[in-house]
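Chemist:
Residue numbers (this note's numbering): 30 to 170.
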């Protein structure tokens with residue numbers, strides 16, 4: 030980022046919308062993002078040339094104070110590139126992904142296999158197996 034970064038933090042959404050509107054109308058700046066924080070804090074970030082950002086933050090601060098509660102306003106002229114990386118890194122991407130459940134796949138039987146009768150197997154007779162008393166071996170065919 031070779032330009033300035035301007036920030037206004039308000040308590041409540043309406044003050045932040047009013048601040049963003051006033052900043053964008055008062056100077057040649059662009060809105061980077063609006064971030065909602067806990068406890069009803071909302072931060073609006075803008076960028077542009079240093080003098081334009083300073084004028085925009087002053088106008089936005091006055092507008093936010095008129096309709097809501099201004100918490101803080103700040104301008105960082107020529108922020109380091111690392112600041113941009115921290116600001117614009119998506120928090121969702123950094124969070125570890127939950128483990129996906131393992132789903133067992135059921136075996137599918139093709140219609141060709143399902144319609145084919147099983148192969149016949151032959152069982153050899155064991156002629157040496159002991160017989161129960163009183164019964165004779167069945168005749169061989």
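Beta carbons: idealized from backbone N, C-alpha and C, even for Gly. As the structure is a prediction and not an experimental result, all values here were calculated from the model.
Mind checking residue 43: buried by the 16 CB within 10 Å criterion, or exposed?
Modeler: Exposed, because fewer than 16 other Cβ atoms sit within 10 Å of the Cβ of residue 43.
Chemist: Near residue 88, what residues of its chain come up, given a Cβ to Cβ distance below 7 Å and the 5 sequence neighbours on each side ignored?
Modeler: Only 51, 52 and 55 meet the Cβ criterion.
Chemist: Ignoring anything shorter than 4 residues, give me the alpha helix (DSSP H) runs that lie fully in the stretch 69 to 126, in order along the chain.
Modeler: Here the runs fully enclosed are 79 to 96, 110 to 116 and 120 to 123.
Chemist: Taking the Cβ atom as the reference point for each residue, do residue 45 and residue 94 lie within a distance shorter than 8 Å?
Modeler: Against a cut-off of 8 Å, the Cβ pair of residue 94 and residue 45 comes out as no contact.
Chemist: DSSP three-state label for residue 41, please.
Modeler: In the structure shown, residue 41 sits in coil (DSSP, three-state: anything other than H, G, I, E or B).
Chemist: Please report how far the alpha carbon of residue 63 lies from the alpha carbon of residue 70, in whole angstroms.
Modeler: Those two C-alpha atoms are separated by around 11 Å.
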